[in-house]
Amino acid sequence: MARRYDSRTTIFSPEGRLYQVEYAMEAISNAGAAIGMLCTDGVVLVAEKKITSKLLDTKAVGVRREKMYKLDDHLACAVAGITADANILINTCRATAQRYYFAYQEPMPVEQLVRALCDTKQGYTQFGGQRPFGVSLLYAGWDEHYGFQLYQSDPSGNYGGWKAVAIGGGHAAAQNLLKTEYKEDTPVSGGIPALIKVSGGIPALIKVLSKSMDSSLTSDKVELATVTRDAATGKVIFKVYESAELQPYLDAANAEKEAAASS
Amino acid sequence: MDFFMGIKGKDFVLVCADTSAVHSIISIKQDEDKIIPVDTHKVFCIAGEAGDRVQFSEYIIANIKLYSLRNETGLSTKSVAHYTRGELATALRKSPYHCNLLVAGFDEGVGPSLYWLDYLATLHKVNTGGTGYGSYFALSLFDKMWHPDLSEDEAVAMMEAGIAEIKKRLVVAPPHYIIKVVDKNGVREVKK
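Heads up: the sequence lines are chains A and B, in that order.
The opening residue of the first sequence carries number 28 in our numbering; numbering runs sequentially from there.
The opening residue of the second sequence carries number 88 in our numbering; numbering runs sequentially from there.
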């Protein structure tokens, strides 16, 4: 019954659903997870990398980052979904931010960028006959109007501001875990262990058919980034953690999981 | 010829404009207020070609208003000045607006700012600036009198000295002027 109404993006089903948009969200649930948490002194983003192979040339341009991208000096994002679609949206975001700066000589407020991109994404659900983008994004940034902010958007073009949110594979379970893990007034340094704990829960919850028996986190499977602000200069810093810096957090999380598993 | 001058003080911007509306040899009115509010804490002083002045200023003001409605926040004086410059620049090589203008505003945290723009989309942040024949006289005088901690009374006295100089030395000096102040409380008229 649904089949008749799902091949055109721009029409409703009799039940009032947009199937193409829903299918796009399905595509994203099969992708690597990304989780964000808003802290008192910054925003933390953590993501699960899906493409892990010894043969991957991690020094090649374009391959270094799979999930985290800088959109402007004060703005970054994490993506979940079809990478090629994500690249288009990231490029659009970057151009939009620069166009704003050209016009007003001030960095684009975070929410305005999110809204601009979401208006574009909505267009693909209403006219043109083209399929929606199969990407959900987490936006982390700082502006002088509202300080640190975390937003999430999906293929429908809806967006929301969040204290903590998960997208991608296992996001429903992750979101539940976040509800217990999130504490008001968490500084960035306190945020990271809590997030690692949550993302460690996803493979454990989801990977039923996983070939690998080793479900502990390794630095080649995880990407971690923070958006913070230097107190002295006021400059916003987007930092992606290298494996050496990541390892202690992963070790701690794995140890905790071992302890919980064996007790 | 339209005359405008602006003076940036310690925590305010003072702007002065002549109040005559002229078409060739006829004076239409002598009480035209050419200092236009952009929002609660910014003004435009815009001089130049008759139609372009109004068309351009209304266009910019409408876009600034649209921004504040869409985004529930205003723009800083710097942003407004740069945005205006951008619009002048875009129109320049298609159908230029022949206007020179001053943007004067007060922003919380930043304080007072004064920007000078001309019809070629030149933008400068200035302490004193103006347009029109009269500005040549006033500018030289203000160069001598300006200092960073001007009080409002000092600035008004400066402006009146400038006006006196223009009336004395410029053949076609406008007879009446209006002076306004932009500070943390907004825009208000000071004299005449």
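We put the CB at the ideal spot given by N, CA and C, even for glycine.
Since the structure is predicted, the reported quantities are computational estimates derived from the model, not experimental observations.
Asked: Reduced DSSP category for F91 of chain B - H, G, I as helix; E, B as strand; rest coil; Found: strand
Asked: CB contact check: G173 of chain B to chain A, cutoff 8 angstroms; Found: yes
Asked: Interface residues of the region 164 to 184 of chain A facing chain B [CB-CB below 7 angstroms]; Found: H172
Asked: Contact list for the region 129 to 151 of chain A against chain B, Cβ threshold 9 angstroms; Found: F129, A130, Y131, Q132, E133, P136, E138, Q139 and R142
Asked: Exposure label - Q47 of chain A; buried when at least 16 CB within 10 Å; Found: buried
Asked: Own chain, CB closer than 8 angstroms to K262 of chain A, minus 5 neighbours either side, in chain order; Found: D100 and R256
Asked: Bounding residues of the alpha helix (DSSP H) (the contiguous stretch that carries L41 of chain B); Found: Outside the displayed span of chain B (88 to 279) sits residue 41 of chain B, for which this structure offers no information.
Asked: 8 angstroms Cβ cutoff met for G63 of chain A and E75 of chain A; Found: no
Asked: Touching by the beta-carbon criterion (3+ pairs, under 8 angstroms), the region 136 to 147 of chain A and the region 106 to 114 of chain A; Found: no
Asked: Stretch-stretch touch, CB-based, cutoff 8 angstroms, three pairs: the region 149 to 160 of chain A with the region 191 to 206 of chain A; Found: no
Asked: Cβ-Cβ distance between L188 of chain B and A134 of chain B below 8 angstroms; Found: yes
Asked: Host alpha helix (DSSP H) of H234 of chain B (start-end); Found: Here H234 of chain B belongs to no alpha helix (DSSP H), and DSSP marks it neither H nor E.
Asked: Three-state secondary structure assigned by DSSP to T142 of chain A; Found: Note on residue identity: the sequence assigns Arg, not Thr, to residue 142 of chain A. Three-state DSSP puts R142 of chain A in a helix.
Asked: Segment contact, 8 angstroms Cβ cut-off, at least three pairs: the region 232 to 245 of chain B with the region 183 to 197 of chain B; Found: no
Asked: Within-8 angstroms CB hit, Y170 of chain B to chain A; Found: yes
Asked: Straight-line gap, M135 of chain A to D170 of chain A (C-alpha atoms, nearest Å); Found: 8 angstroms
Asked: According to DSSP, residues forming a beta bridge with L65 of chain A; Found: A:V70
Asked: Interface partners of K165 of chain B on chain A, CB under 9 angstroms; Found: Y131, Q132 and E133
Asked: Top-ranked residue by Cα proximity to V100 of chain B, from B:L162, B:D118 and B:F193; Found: B:F193
Asked: N150 of chain B - containing beta strand (DSSP E), residue span; Found: First-last for N150 of chain B: A137 to N158, but that is the alpha helix (DSSP H), not the beta strand (DSSP E).
Asked: Between the CA atoms of H169 of chain B and I115 of chain B - distance to the nearest angstrom; Found: 33 angstroms
Asked: Minimum C-alpha distance to N114 of chain A - residue among A:L98, A:G43, A:A286 and A:I194; Found: A:L98
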